[in-house]
Amino acid sequence: MGKNKIILAVGLALILVPGFFLCSPPTVTGREDNRSRVEMVNDTIRARGVLNPQVLDAMYKVPRHEFVDYSMRPFAYADRPLPIGHGQTISQPYIVAYMTEVLELKGDEKVLEIGTGSGYQAAVLAEIVPEVYTIEIVEPLGRTARERLARLGYGNVEVQIGDGYFGWEEHAPFDAIIVTAAASHIPPPLIDQLKPGGRMIIPVGPVFYVQYLMLVEKNKDGSVTQRKTMPVRFVPLTGGP
Amino acid sequence: MKPRHLDSAVFLISGTGIAYQVILMRIFSIAQWHHFAYMMISIAMLGFAAGGIVLTLLYRWSAGKEASLLRKFSFILTLSLVLCYAVSQALPFETYQLATQPIQLLYLSLLYLILALPFFFTSCCILLAFYLERGHVGRIYAVNMIGSGAGALVVVLLMFLVQPAAIPYCLTFMAALATLLLFIDGPYPGIQTLFLLTALFCVGIVVGFQPIRISEYKGLAYALRMPDAKIRAEAQSPLSVLTAVESAMIRETPGQISHRFKAKKDAILPDQIGLFFDADSVSVINRWEQNPQEPAYLDYVTTALPYHLLDKPDTLIIGAGGGTDVLSALLHGAEKVTAVEVDPRVFPIMKRHFQVFSGRLWDHPSVEPIQAEGRAFLQSSRRAYDLIQIPLLDAFNASSAGVYALNESYLYTKEAIQLYLQRLTPGGILAVTRWLKTPPRDAIKMAATLIEAAPDAGIENPAAHMAMIRSWNTATLIASRSPLSPLQVEKIRRFAAEREFDLVYLPGIRPDEVNRYTILEQPVYYEAVTAMLSDKRKDYYRRYLYYIEPATDDRPYFFRFFKWGSINRLIQGMGSEWIPFVEWGYITLLATLIQAMAASCVLIVLPLVALARSALSHKKYPTIPILMFFFALGLAYIFLEIAFMQKYMLFLAYPIYAIAVVLTSFLLFSGFGSYFADRFRGKREALIVRSVILIAVLSLAYMVSLPVLFQAASGWGDAAKILMCLILLAPIAFCMGIPFPTGFQKVTSDFEACAPWAWGINGCASVVGASLATLIAVHAGFRIVVLSACLLYFLAAACYFRMIRSSVSRL
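Each protein sequence line maps, in turn, to chains V and D.
Counting from 1, position 46 in the first sequence corresponds to residue 46 in the numbering used here; the numbering is continuous, with no gaps.
In the numbering used here, each number is its position in the second sequence, counted from 1, plus 1000.
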């Protein structure tokens, strides 16, 4: 009987101990966060080619760990997307930086974001431009993001909970628009609410990974060109001789 | 003491086992994704092998206690069916988070273990029954096979009647009945029965009814999160669970709407009802007030192109779904629209629940709804159409994730395209629309298929017959039966320019006309189509990053793009970023195979230690011949089973019919074969040799004759087709039932300690074989799968002779 109990205890320990380490995040101190953030910007974002100083500065400033679930904090500064519940994710930091850079912001623009999610992208934008409007359809996500952004002092972000399909008419037109969660089509009202000369960016890909970005440019004459840009080094499609 | 109702109990337990496998597969396809479901259930099926292995290890301990152990295992099996299902639904496993959350690996391992338990107990019960009937393993095996066949049939029937989540509970009754039959003549029948019922009651109270927990990343979960979302109707069948959801925020279109489309804010799209199949791929029903000018946006998507080239075309739509493309045909003045839909519940659900909403679309005088599989319908109808439309059949997001990579699709094979082209009127047009992926794949493969199929359909110079345009996320490819006229070419140019869609190809295209609105780094699509129309086609296939050679009926994997030759380029070129660019279906299959092989190695080698210990020095077991015999048989059986499922899928039109028919008749007739083998009084060696030769001859004969037979019978009704399939399969299945029990009888009588090991080996081989067969089919085609199966049968026969020789030498 005694032997059996020991076997049982060892078995339980074998399952529970690694489980405990996998489930419970190590405590992260504020100083460690700052260091990880500097590493994230230098080792990943800058190293992979995002060089716009405004964007890099914004990525330094926004405390990404505040935008993820407590259990995800140890991974907050890793260059990977993280789940935030309700089938949504927070994009990997490099993608956020890349998208922001592609918008070519000068610092005096009005930006609309469709799909607030955690609010991280909005915070990065708010470090660069004076006015950010963001719409989230999933109420709990929108509410959390609104509280979070307020708590972190982003007074220049306005969060609306609702349907992003029709844009935000009372603040239109926008210099730049970011649409996450592209479905079967880009909502036509969003193109209408883009200023001539403005840029709209849409990340496209399966749930966790961005495959490419659609950059929609509204020309001064109102015509529209779209460009697929790749956040990753592009592999030649046809190889060899 | 042997239980009196042993045969009936084995029959019920076997049936429960296979039914549980089928229903778990359905449940996890709804909850997560098809390919991950496949992986999880395949690995869990190793529980079956583990049963044999554990009993090998406990061989000496279990001797003499068979009957009581059988009762106990049957009792636990009954409880485990519901418990394991309930626990599996409570685990917060998410396929999509596997790459980002290490704990998901723990959940996945737990799921494997939990789901394996019922199979483990089933296997133990059957093996113990073999022990109890040492002299007649052929009979028990026959009962096991026939029970499994019946189980497969019962679960498919149940799927028509009950929602999938309730089926594990139904199966509990089957298992409980088996347990009761075993208890009747047990030592304390009354007390044991009472105990069983109490335990069942308690389990019922504790776990309750567990609905399927659908992944938060599936389309239906997204739709239901919309604040105004309401489920308006639900219907189940073995094909899929269909859920109709109403929300103002469901807005699905067949690809990008040109920004040139101008409409009032609330008139961009009509209200829509989303039809979700297995909680994912959505098709929509549009609100329609029978206004022929609506929904106007349908003139601003790429699928509208063919209507601008034809006047009042007699149109066939393959994959009508909720009817968006039917509306498009009516909007563009089609004279007659034949709308074919494969899912038998779509038309009834629309007529019953959304008749007014859809503007009585299916009763419209110009519309003829037909419930059939598109290709089978066209094969049998013999009519020609001015326009055959193959619209987008899958959802955009699922497509970009590459989750379809291993779904067989007979709609997009070379033979299918050839059929469509042949069924066009002289000036008729075939139009196919695909979602675009980055880097480009689908649309290029579609163009390749068309280019290769055209000559066989009598179109010698496809370059003069085809055109292709694209928006940012769709491409529409058209092929005309006659060369496109200069006027038609001009119309294509105008259509594209007015909507700012890019031209990819048309007869006489100039390089400066392409890549203007959605600008790619290189004009890949244009380059691909022009290269494939030249004599450098094969060279282009070889050099391209993805596998873009056309799919054929022998290798019907249109969505397989993964190419081993490119893996270096992907990893070197993209570093850690290659993850989203991989086709997950293929990787999952590979992962399944690797895991199954690794686990099988452990399961097979582990008992060898125990066997070596139990065997006395003068009593060496012929372990290698036994291993090879049972492994080869397991592989060969599943290879043929899967190959026939494939062949029948094309003929019976519904995968689920094919699976049910093949499983049921294979198991049933193999059962009869086993019974015959048990009663056979002649020389066993001769029996094995004859059956193996017959299997080889029959499978080769089927390979040659089935396509011809199917062609001839394509117009038959479903019942007649199913009957024909059952009869056709009977002889080969009968022969396939013979080798296993003959060999197993030999092992049980001469090397009894090895019997459970042999059983376990066979279980491992079935799991490994299932993924291996698919992998071979993907790369080499089904013919090679069948040929390999024949060779494996011959190998098994050779091993049988080795086994006999060593049993003789032991005497």
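Glycine included, every Cβ here is placed at the ideal spot set by N, Cα and C.
These numbers were taken from a predicted model, which means no experiment stands behind them.
Rounded to the nearest angstrom, what separates I95/V and V210/V at their Cα positions?
The residue you call residue 95/V lines up with position 95 of the first sequence. The residue you call residue 210/V lines up with position 210 of the first sequence. Straight-line Cα distance between these residues: approximately 8 Å.
What does V1524/D touch in chain V if you count any residue whose Cβ is under 7 Å from its own?
Reading the second sequence from its first residue, position 524 is the one you call residue 1524/D. Residues of chain V passing the Cβ test: L237.
Using a Cβ-Cβ cut-off of 8 Å, state whether M1226/D counts as contacting chain V.
As a working mapping, residue 1226/D is identified with position 226 in the second sequence. Yes, M1226/D lies at the interface with chain V (some Cβ there is under 8 Å from its Cβ).
Would Y1410/D be called buried (16 or more neighbouring beta carbons within 10 Å of its own) or exposed?
Within the second sequence, residue 1410/D is the residue found at index 410, counting from 1. Buried, because 16 or more other Cβ atoms sit within 10 Å of the Cβ of Y1410/D.
Secondary structure of A1453/D, DSSP reduced to three states:
As a position in the second sequence, residue 1453/D is number 453, starting the count at 1. Three-state DSSP puts A1453/D in a helix.
Using 8 Å as the threshold, is the C-beta distance between R1470/D and D1502/D below it?
Counting from one through the second sequence, the residue named residue 1470/D turns up at place 470. Counting from one through the second sequence, the residue named residue 1502/D turns up at place 502. The answer is yes: Cβ separation under 8 Å.
Helix, strand or coil: how does DSSP classify R35/V here?
The residue given as residue 35/V occupies position 35 in the first sequence. In the structure shown, R35/V sits in a helix (DSSP, three-state: H, G or I).
Within the 8 Å Cβ cut-off, does M1468/D reach chain V?
The residue labelled residue 1468/D in the question sits at position 468 within the second sequence. Not closer than 8 Å to any Cβ of chain V, the Cβ of M1468/D fails to qualify, so no.
For K1002/D, which residues in chain V fall below 7 Å Cβ to Cβ?
Indexing the second sequence from 1 puts residue 1002/D at position 2. Under the 7 Å cutoff, chain V gives no residues; its nearest Cβ is about 32 Å from K1002/D.
From G1204/D to L1171/D, what distance separates their C-alpha atoms?
Working through the second sequence from its first residue, we reach residue 1204/D at position 204. Working through the second sequence from its first residue, we reach residue 1171/D at position 171. Rounded to whole angstroms, G1204/D to L1171/D spans 13 Å at the Cα level.
Whole angstroms is fine: what's the gap from Y77/V's alpha carbon to L103/V's?
Residue numbering aside, residue 77/V sits at position 77 when the first sequence is read from its first letter. Residue numbering aside, residue 103/V sits at position 103 when the first sequence is read from its first letter. Roughly 23 Å between the two C-alpha positions.
With a cut-off of 8 Å, does the C-beta of M214/V fall near any C-beta of chain D?
The sequence position of residue 214/V within the first sequence is 214, counting from 1. Taking Cβ atoms only, chain D reaches closer than 8 Å to M214/V, which makes this a yes.
So if I threshold CB-CB distances at 8 Å, which residues from the stretch 1457-1486 of chain D count as touching chain V?
W1472, N1473
Measure the alpha-carbon distance for K1491/D versus P1426/D and round it to whole angstroms.
Indexing the second sequence from 1 puts residue 1491/D at position 491. Indexing the second sequence from 1 puts residue 1426/D at position 426. Roughly 19 Å between the two C-alpha positions.
What are the residues in the stretch 1257-1272 of chain D lying within 7 Å of chain V by C-beta distance?
I1257, H1259, F1261, K1265, I1268
C-alpha gap between A1820/D and N42/V, whole angstroms:
This structure leaves residue 1820/D out entirely; chain D is present only between 1001 and 1811.
Residue of Q1522/D, E1521/D, W1472/D, I1509/D minimising C-alpha distance to E1500/D
Mapped onto the second sequence, residue 1500/D falls at position 500. Nearest option by C-alpha distance: W1472/D.
Could one say the Cβ of P189/V lies closer than 8 Å to chain D's Cβ atoms, at least one of them?
Counting from one through the first sequence, the residue named residue 189/V turns up at place 189. Yes - at least one Cβ of chain D is within 8 Å of the one on P189/V.
Sorted by chain position, which residues of the same chain lie with C-beta nearer than 6 Å to A1773/D's C-beta, five sequence neighbours on each side aside?
Within the second sequence, the letter at position 773 stands for residue 1773/D. Closer than 6 Å at the Cβ level, and outside the excluded window around A1773/D, lie F1639, I1642, V1785.
Let me make sure I understand the geometry here. Which of L1132/D, S1215/D, A1431/D, P1187/D has the alpha-carbon closest to that of P1313/D?
Residue mapping note: residue 1313/D aligns to position 313 of the second sequence, counting from 1. Of L1132/D, S1215/D, A1431/D, P1187/D, the residue nearest in Cα terms is A1431/D.
Which residues, taken in chain order from the stretch 71-93 of chain V, show a beta carbon closer than 7 Å to some beta carbon of chain D?
R80, P81, L82, P83, H86, G87
Residue nearest to P1168/D in terms of C-alpha spacing, selected from I1018/D, S1109/D, N1515/D
For the purposes of this step, residue 1168/D is taken as the residue at position 168 of the second sequence. Of I1018/D, S1109/D, N1515/D, the residue nearest in Cα terms is I1018/D.
I1268/D versus K1262/D - alpha carbon distance
In the second sequence, counting from the first residue as 1, residue 1268/D sits at position 268. In the second sequence, counting from the first residue as 1, residue 1262/D sits at position 262. Cα-Cα distance, rounded: 8 Å.
Note down, one range per segment and in chain order, each beta strand (DSSP E) of at least 3 residues found wholly within the stretch 1726-1781 of chain D.
none
Just to confirm, is the Cβ distance from F1357/D to R1287/D under 8 Å?
Residue mapping note: residue 1357/D aligns to position 357 of the second sequence, counting from 1. Residue mapping note: residue 1287/D aligns to position 287 of the second sequence, counting from 1. A contact, by the Cβ cut-off of 8 Å.
Considering Cα atoms alone, identify which of F1036/D, R1681/D, L1006/D, S1042/D is closest to Y1020/D.
The residue you call residue 1020/D lines up with position 20 of the second sequence. The shortest Cα separation from Y1020/D among F1036/D, R1681/D, L1006/D, S1042/D belongs to S1042/D.
Can you pull the chain V residues whose beta carbon is under 9 Å from the beta carbon of Q1032/D, in chain order?
Residue mapping note: residue 1032/D aligns to position 32 of the second sequence, counting from 1. By Cβ distance, chain V contributes nothing, its closest Cβ being about 12 Å from Q1032/D, past 9 Å.
Excluding the 5 residues flanking L1024/D on each side, which residues of the same chain have their C-beta closer than 6 Å to its C-beta?
Numbered from its first residue, the second sequence carries residue 1024/D at position 24. Excluding positions up to five away in sequence, the list reads I1041.
Going by C-alpha distance, which of L1700/D, N1461/D, W1435/D is nearest G205/V?
Looking up residue 205/V in the first sequence gives position 205. Taking only the C-alpha atoms, the option nearest G205/V is W1435/D.
Where the alpha helix (DSSP H) through N1144/D begins and ends:
As a working note, residue 1144/D is residue 144 in the second sequence. Run containing N1144/D: 1137-1161, per the alpha helix (DSSP H) assignment.
Quick one: complete alpha helix (DSSP H) runs, 4+ long, within the stretch 1355-1383 of chain D?
1374-1381
Quick one: does A1405/D have its CB under 8 Å from some CB of chain V?
The sequence position of residue 1405/D within the second sequence is 405, counting from 1. Caution applies to A1405/D, whose pLDDT of 49 falls short of 50 and renders its modelled position unreliable; the model cannot decide the point.
Do Q92/V and P81/V come within 8 Å of each other at the CB atom, strictly closer than that value?
The residue labelled residue 81/V in the question sits at position 81 within the first sequence. The residue labelled residue 92/V in the question sits at position 92 within the first sequence. Yes, Cβ-Cβ distance for P81/V and Q92/V is below 8 Å.
Any Cβ of chain D within less than 8 Å of the Cβ of W168/V?
The residue labelled residue 168/V in the question sits at position 168 within the first sequence. By this cut-off, W168/V is not an interface position.
Would you give the residue range spanned by the beta strand (DSSP E) that K1336/D belongs to?
Numbered from 1 along the second sequence, position 336 holds the residue referred to as residue 1336/D. 1336-1341 is the span of the beta strand (DSSP E), which, as asked, contains K1336/D.
Can you check whether the CB of I1656/D is closer than 8 Å to the CB of P1164/D?
Here the question's residue 1164/D lines up with position 164 in the second sequence. Here the question's residue 1656/D lines up with position 656 in the second sequence. Cβ distance not < 8 Å, so P1164/D and I1656/D don't count as in contact.
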